[in-house]
Every structure is written in structure tokens, then in C-alpha cells.
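As you go down the protein sequences, you meet chains A and B in turn.
With this note's numbering as the guide, the letters of the first sequence map in order to residues -9 to 180.
With this note's numbering as the guide, the letters of the second sequence map in order to residues 4 to 812.
Some notes on the structure that comes next.
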Amino acid sequence: MRENPIARERIGGLGLPGVALVRALRWIGLALVIFTYAGCSTMGVPSRSGQSLRVSEAADQGDAARRASMRLVVQGLDADGEYQFRRAQGSYERAIQVDPTNPYAYLALARHHLDGGDSTEAANLIDQAAALFEAEGIRSPRVEVHLMGLRGWEYDRAGRSSEAATLRNRAAAQAPDVWGDGYLRPEELR
Amino acid sequence: MASRKPAPGKGRVSKGSPKSGRTRKRASQGGGGWLLRGLGAAGIAIGFAFGLGLAQWVLEIDRVVVERFEGRRFSVPSRVYSAPLIVYPGTDWQRVDLSGWLLRLGYRQQPEGGQLLPGRYEWLPGRLRVHLRAFDHPLRPELARELEFRLAGGLIDKIEDARTGATVDVVVLEPEPVSAFLGEDREQRDLIKIESVPNHLIGAIFAVEDKRFEQHHGIDLQRVVGALMANLKAGRVAQGASTLTQQLVKNFFLTPERTLSRKLREAAMALIVEARYTKREILQAYLNEIYLGQRGSTQVHGVGEGARLYFGKSVSNLTVAESALIAAIIQSPNRISPHRRPELAQARRNLVIDLMFEQNRISPRHHQAALDEPIRLAAISRESGQSRYFLDALSQQLPDVYDTDVLRTEGLRIYSTLDPRIQRSAARALRSGLERIEAQLPEPADPAAPLQGCLLAMRPQTGEVLALVGGRDYGASQWNRCVHARRQVGSVFKPFVYVAALEPGSGPQVTLADFLDDAPLELETPSSPEPWRPENYDHEFRGPVSVREALERSLNVPAVRLGQRVGIARVASIAQALGVSSPLPLVPSLALGTAEVAPIEIARAYATLANGGRRPTPRMFVDVVEPGGLATENRPLQGSVPVLDPGAAYLAVSLLEGVVDRGTAVRVRAEGMRGPIAGKTGTTDDEFDLWFVGFTPELVAVVWVGFDDPAPVGLPSSRGALPIWTDFMREVVGVRVRGQFLRPSGVEPLEIDPETGALALAGCPRRSEEVFLRGTGPEQTCPAEAVAGQEEKPGFFRRTFGRLLGRRP
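Take a look at the structure:
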């Protein structure tokens, strides 16, 4: 890559120690940014963009099939939000048809089933979503909080109250805005 | 005629006195009075009996009429629909056969210029404009809308709403009708309600078949007289006089024989029907009953099905000219078939249009427009016999309440998981593959017992069966080999042995860096006094071979040895956990696949491996909907059940990728397929059964080839079943496979010395990457004096940035 001649001239005016200092500062700055991000990721500190994952944030990622699948997930969440439950289910199933490895589709479908009171089907779907998130290397704390909260919800539906409370409390602690009420609304996942 | 004079005496009597009258009366009483009285009484008795009989006959007819009208009026076969086609920017529109979809759904090319009506499309340079029809669906009904697809480089580049110009991200297209559960009469109909029938269709039928339908009471006497005169004049039966009611009665209750008694019965029934039911009810029954032609060997009844057969659209969307054509062919659908005799059909259609105009049923403007409209027929979508195997399997998945009788008569709509494009590819690949193999046979196969095969494709994450071809020709043999045929599986069973050995629950017994001994082996078996001495396919022994090489080359002896080390019971247990449900004999040869298993079980077990150790449940239908639109049975998509450690599943997938990259299935690569593909060949003793199971991250497909009565095929699987699989997959997913097999966190890649299996450190002359369950990497190092872990421990940057770069430290 060609170096900018103006920048070169300015740096050149600083002399050799100055150049070294500027370069060192650049590296330190870069390192700070990276360390901050890595630290947040590993310690479970919520990032600035929110405490939990939203599907629309990932809607433009991946290849054409994944993007189309994500659109269908968003349509499903919209339908769930409008109490069109059958249409929502149809949208999630279409999303999985287009991209059967899309973890967000299973996550949203699990939420849909829990909302409808069906914990058995939801349990498998949560596991499937978790496996796909992990295999895609995107099990960040923002994803984990949903998996944890949904599992708590599932346990609650299945009558496992104490385990449910533990998981829901943990989810609520990490993402109080979303999981504070122990429930994940479609618009909160959207 | 000569007049007779009255006899004198008689004349007197007739005019005569009462006395003479009394005399005559007495005389007659004396001679025939009793006779007359007797005759009178007999007449009354006969009349009474006749009346009684007639009443009984009428009551019987009435009972039949009422029973049929108020009970189940029609046997409507349940219809099966495919999964919808979904397109979006980036879709290869040719591979998904978008133009074929338009034809099969009865969409018609737009004539130049003019408004794009629902059900029409228009190809323009680099663009496709389609006015999608609305469609009903229990989960996601869609509204009609006009879309423009921009096409570039074989892909859909952009989709826009033609009215608003808004970008559309994804489009769900109408499911295709797959087939119907037909009864023995092989009748097909699409029941309609009279409200959905356009007035011009009713007008066209009245015009040509029964113009006084609204006035008469079942029998049109005016027309009967007219027909009688015309027939007398012609000296033959030149004109009929049947009203719509009589036609309905004839089709509904009677046989086609031409006898007086049947005619009487028809007339009586017509009167009863008219007396009991409204004109509207009678007309609706007629519109659903009338015979309108053939679709292959299936009879098409009713204007609903007729509109689909001839125009590929629902009856409510028919134009005046199309309605006139349907009315025109009622007289003799096969003789006036617009497919076979278009000129005759057009002439009669124009006659109907003229009659409609003469009877003031259409305006002059519509009259001329209808006459000018050319006949545009939809392509005949012949029912593919190959989907019948899928239907049979589907009917077994339905709950017991949906028995054969219900499926053949209740007019249910069943939304299936079948992908018509994949199904067609499967049928085509299997058929041409079997023909190719037969061409290589030393002797031609017996035509009565030809070479058979089956192909089943399943989505591993959901268990949805996307295609199922259970045999070569459903017409010749309905035996569904994908579901019912339990055949020896041969080497496709071997991966289960390796999974059992790699699985953490077993220790694990081996890692992918270990070596197995390929040397002569003797095993005592309870069934034979002689020890069993397994051999490899080529009868050679290679000494120590790596676990990976042993499976890639499908070596028998190492597999048997590994099975013995793990324990046959454990191997069987793993196979069952993965999805094999057939009984498995606990004998050493189980490791070589001597068990008899159905292809669908093998597909499911491999789907479990492809799905990271999570076992899916095969699913073939989504919804069952009653004629009224009520969904009675919903089979929601179920997640899969974890049955195997994801790490062990990944190791198995990695081994099976090796089989395709370097092993017995390398022909897949030679055929140009790239990307993540794993699979396993299987050939049983004497080449009786040829198997290939292969999968990508999104699709598992199993192929079996053999004779129903086991006999040598004369080829190994790599030249028999595998080419069928490759043809199929190349057509369905293309040569570049999407996605990747995702590595779970419990698996780590390490570099090893492939000759010794030791961990390769700096200074090791040979190295290749191998995958291990975390913490099970080799303890030995290459060079032997190096200290394991010292150099391989990730450095500060690798540990810190590994996550950011998407690599695990």
C-alpha cells in the first residue's frame, strides 16, 4: 500500500523519536480498543449495543439464504407481535426451510412455542438453537442470556420451578430490560 | 269403417222402458254381473296394489335421493400439496425451476401489452413480471401481488413490488398440488361453492344445456316434445331433452344404461329432487358432479377441477370465453377435448358464446371479446406416479383416524414436506441410474423382476422428508423399498462402529490418530463350528492402518476388530440411538453391516450425525385441513433430540468427509462436486445390495439398488448407487455445496505425524491436521524427545485474539 506523502512529511518533521512515539501510540490505541472488546466478551459485560441479542441486528449477515431466512424470522416475530400465531409459526418454519442451520429461527420458534404453552417442543428447539449458535461460534453473552431465559421459561412451563427461578433470575440480572419480567416478548427479540 | 245397425232389441233397451231395462239388468246380473263386480274389485285391488307399489317405489327413490343429497354427496379424494417454493435475491432461478413452477401452477404468459392479470406472467429482457395469485394455506396464506424479478447471471438479483416499487426480501410461492388419494373409481374433483362460480359460467351452461332450468320442475316438457319431433324427423336420436336436474340424477344415482325403466326412474328422481331442493342446491350439486374429461387415467369431475385441468386456475377466475369452453365440452368431454381437437372445441365454444348472446346472458361487447379470445390451455400436469410412494408413506404417518376410506372420500387438504423439484430430480436420477446399471449387466434382467432401487432425501435438522422414490415404477410395484424393504446394509453400517469407539461414553476407545490392525483374524461364533475369518473386499491385509484410513478404504477386518473392542452390544446400542429401529443381531459380523435395515432408518441415523448428534423425527406432513378450511391436524416442526456427543458426531462427519475426499466415494469429487460433503458406500456380499448414503450440512440422501429377490447386481456401490446419488445431488444443490459442517467447541484440531499418530511439534518432518475430542490428543510427540504442550500452547496473542478472529484458542 502506498503511504500518504503528506502524512509522511509531517511525521518526518517529528524526527525519529517522534515517529516511534506516534507509531507506539497507534498500537496502544488499537490494543485498548481490542482489549476492551475482548474483556467485555469474556467477562460477560454487556456491550454498548444492548444487553441481549436482537434478530434484526443479524438480519443482514451471512449469505443470501441466511439473509432471506432472517427476514422470515423477523416476519414471524412481527406476526407473533400481532397475535397471528399460525402465521408466525409458518414464517419460522419457512425460515428453517430456507436455511436449516439458522440458529435464530429455532430460537424464535422456541419462544413462540413457550408463548403458546408448549414446553416439550420448545426444549428441543432451544437445544438446537444453542448447538447451532455454538457451532457458528456466536455464543456471546448476548445470545446466552436468551438461551438461559428461555430455558428458565421452559422449566417453569414444565413445572421445574426452582431451576426455572435460578435461570430466570440470572437472565434478568444480565438483561433486566428484557428479562426483568421473566418473559421475552416478540418485539424484544426482534 | 262400416256402421253397424243396432239390434232391434238392443235399441229398445237403450231407449226403452225401465221395465225392459230392469229385465236386461237382471239378465246381465244373471250372466255377467258377478263377473263385472269381480273385475271391478280386482281392478280396485290391482290399482291399490299398483298404487302401493308405486308409493313404495317413490318412497324408495326419495330415500335414495335424500340420503345422497343430505349425506355425503361426493367422494372427494384428499389432496396433497407440496412445501412452498421460497425465492429471494440470490436464488438460482433456473435451478429452482421458477419457469416450471409457473407452468405447473397454471400461470399463463401475458399476451403483448395489456394489464398483467392475476395468474399471468411476462418475460422481459433481464426481468420477469408475475402477478401472483392469492393462495390459502393453514400457516401462511398469501395475498395476490404483482412482482418484478430482476435477473442477472442466472440469479434473482432483486425483487420489487411492481405497484409500489418497494423491495421485497423473500417471496413464498404457492405450494404445488402433488397428488390425491384416489379411490378405485379414480375420480378427482375440487369442490366449489356456488358463490364462487362466476355468473357467466352458469349462464354458459344454461345456454347450451338447459335454458329453462329456472322455470321447469325437473322435466322440461316443452323440450321433450321438441326433441321428440326432431328425432322423429331425423329418424334417429338426434336431440336430447335432459334437463340439468335429469343429468345430475343420471350421474348421481343411475347407471348409464339406456332403458325405459331407467328413464322412468330418472324422471321420477328429477321430480323428487326438484320438489325437495332449491334450484341453487341442485345447480351446485350439478357443477360439482359433471364429468369434464381425463387427467391421465383419472376422471375429472366438477367445474372446479375442470377449471384447473384446462386453464390451471380456480373457477372464480375464469373468463367468459373459458366458461363457454367448459360449457361446450360437457356434452362429450373426450370427443370435444380442446387438447386433442382444438378446432372442434373452439367451434362449439363459439356456438355457446353465440347462444349466450342470443339469450341475453352477455352483452354485445363481451360477446365479441369472447369470440376473439384464443383458447389458451394450461400445460397438463400429469400426476407423477413416483410421488405415490411418498403418499403411501405419508398416509402411514397420519393418525389412525385418517384411514384409507377417509383419505379417499373426505376431500382433506394435506400440506406435506415434499419438495417437488427434489422429488422430480430423485425420480429422474434413480430411473436413469437403474437403466445405466442394467446396460452394464452381463445378461438382461427379467422384465418381470427388474432391478429396483430407492432414493430418499431428508433435511437433517428437522427430519422433513423432501423426496421419496420407493421403487422404479409405482404402477408395476407399490412395494415401498425406502420404508419397508429391510436389506443388508453392508459398509454403511461401519460408521456406527467407529462412532461407538469415538464416543466419550466408551472411554473413548480410539482417537483419529490411533491405528488398527489389518491382519488375519479368527472369531468363534455360536452359529458355526468353524471360526469366522473376516476378509477385506480385495482379500488383502495391510497391517496397521489409521482409524481414518480404515474407514476411508472401508476395510472390513479393522472394523470387526474395533467392534470387538467396543463390544457389539454397544455398537448396536449406538446405531439404535442414532435412528436404526430394525432388530440388530448381536454377532461380530454386525460390524460389517449384516443386519437388515430399511433405507429410511439409515437416512435418519446419518441425519443424526449431520445434525451434530441430534436425532430428528421423520416428518412428512405439516397440516391436515378439512374442506371447510379448519386445520384438524397440525404437526409442528419439532426440534431434534440429543442422542450423541456433538464432538463424537463431528469426528464421524470428519471421517465420512475423508471417505468422499480420498476414499471409496472419491468419485463424488471426480464428478465435480465441491464443498462440505460426507458419505459412505456399502456393498453387501456378492453385490446383492448397493448403498450410498451421503450428506451435506443441509441434506441427507440415501440410495439403495438391488433386486427384490436378492441376486448379484454385478457392480460395487461406487459404480452403482453412488453415481445415482451424485446425479441427484448435483441437480438439487449444484456442484458447489453451501455451508460447512460446524465444529463444536468440544473438538480441537491438532497437527499430528500421520505415520505415527504422534503430536507433531517443531522438527517433525511430516504433519497433517487431525481433529480430537478436547483433551484426547496424542500423548506421544514427534520428534519423540520434544515436550508435548510446550510449543503447542497458544501464545498470548492467539489466546487473546482467537475469539475475535473466530478461532478457538
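Where a beta carbon is used, it is the ideal one built from N, C-alpha and C, also for glycine.
Short CB-CB distance (under 7 Å) between residue i and chain B
i              : result
T193 (chain A) : Since the displayed chain A opens at -9 and closes at 180, residue 193 (chain A) lies outside it and no answer follows.
A54 (chain A)  : yes
E83 (chain A)  : yes
A58 (chain A)  : yes
L15 (chain A)  : no
L62 (chain A)  : yes
E134 (chain A) : no
E144 (chain A) : no
G80 (chain A)  : yes
V45 (chain A)  : no
A120 (chain A) : no
A125 (chain A) : yes
Pairwise C-alpha distance: residue j and residue i
i              : j              : result
R484 (chain B) : V492 (chain B) : 13 Å
W17 (chain A)  : V9 (chain A)   : 12 Å
N291 (chain B) : E190 (chain B) : 12 Å
T91 (chain A)  : A14 (chain A)  : 43 Å
D623 (chain B) : D422 (chain B) : The question names Asp, but residue 623 (chain B) is Met in the sequence shown. Between M623 (chain B) and D422 (chain B), the C-alpha separation is close to 11 Å.
E758 (chain B) : E773 (chain B) : 12 Å
L251 (chain B) : S81 (chain B)  : 23 Å
C30 (chain A)  : Q41 (chain A)  : Because C30 (chain A) sits at a pLDDT of 45, beneath the cut-off of 50, its placement in the model cannot be relied upon, and the point is left open.
W728 (chain B) : V656 (chain B) : 18 Å
G766 (chain B) : F518 (chain B) : 23 Å
T156 (chain A) : W143 (chain A) : 11 Å
E543 (chain B) : T110 (chain A) : 52 Å
R746 (chain B) : A125 (chain A) : 6 Å
A553 (chain B) : A54 (chain A)  : 39 Å
S133 (chain A) : L97 (chain A)  : Sequence inspection shows Val at residue 133 (chain A); the Ser mentioned does not correspond to that position. Cα-Cα distance, rounded: 10 Å.
K28 (chain B)  : R40 (chain B)  : With a pLDDT of only 49 at K28 (chain B), under the threshold of 50, the placement of this residue in the model should not be trusted, and no figure is reported.
G678 (chain B) : L397 (chain B) : 32 Å
L62 (chain A)  : A331 (chain B) : 46 Å
G34 (chain A)  : A516 (chain B) : Any reading at G34 (chain A) must be qualified, since the residue scores a pLDDT of 40, below 50, and its modelled position is unreliable; the value itself is stated next. Rounded to the nearest angstrom, the two C-alpha atoms are 36 Å apart.
Neighbour flag for residue i against chain A, beta carbons, 7 Å
i              : result
V703 (chain B) : no
P626 (chain B) : Here residue 626 (chain B) is Asp; the residue named in the question, Pro, does not match the sequence. No, D626 (chain B) does not count as interfacial toward chain A.
P423 (chain B) : no
G737 (chain B) : no
V175 (chain B) : yes
I89 (chain B)  : yes
L142 (chain B) : yes
D172 (chain B) : yes
P630 (chain B) : no
L554 (chain B) : no
P700 (chain B) : yes
Reduced DSSP category for residue i - H, G, I as helix; E, B as strand; rest coil
i              : result
K497 (chain B) : helix
V9 (chain A)   : helix
E754 (chain B) : strand
T635 (chain B) : strand
R123 (chain B) : strand
A714 (chain B) : coil
V646 (chain B) : coil
Q389 (chain B) : coil
P537 (chain B) : coil
G50 (chain B)  : helix
K316 (chain B) : coil
D213 (chain B) : coil
F72 (chain B)  : helix
R490 (chain B) : strand
P93 (chain A)  : helix
Output the residue ranges of the beta strand (DSSP E) runs that lie fully inside the segment 256 to 304 of chain B and measure 3 residues or longer, sorted by chain position. Secondary structure in the segment 256 to 304 of chain B: the beta strand (DSSP E) runs of 3 residues or longer, each lying completely within the stretch, are 294 to 298, 301 to 304 in chain order.
Residues of the segment 68 to 87 of chain B whose Cβ lies closer than 9 Å to any Cβ of chain A, in chain order: So the close ones are A86, P87.
Could you give the uninterrupted runs of the beta strand (DSSP E) lying entirely in the segment 412 to 447 of chain B, keeping only those of 3 residues or more? Secondary structure in the segment 412 to 447 of chain B: the beta strand (DSSP E) runs of 3 residues or longer, each lying completely within the stretch, are 416 to 419 in chain order.
Taking Cβ-Cβ distances below 9 Å as the criterion, which residues of the segment 104 to 118 of chain A are in contact with chain B? Those residues of the segment 104 to 118 of chain A that come within reach of chain B (Cβ to Cβ, closer than 9 Å) are D108, T110, E111, A112, A113, N114, L115, I116, D117, Q118.
Return the residues of the segment 152 to 174 of chain A that lie within a Cβ-Cβ distance of less than 8 Å from chain B, sorted by chain order. Residues: none.
Note down, one range per segment and in chain order, each beta strand (DSSP E) of at least 3 residues found wholly within the segment 684 to 748 of chain B. As summarised for the segment 684 to 748 of chain B, the continuous beta strand (DSSP E) elements at least 3 residues long and confined to that stretch are 692 to 699, 702 to 709, given in chain order.
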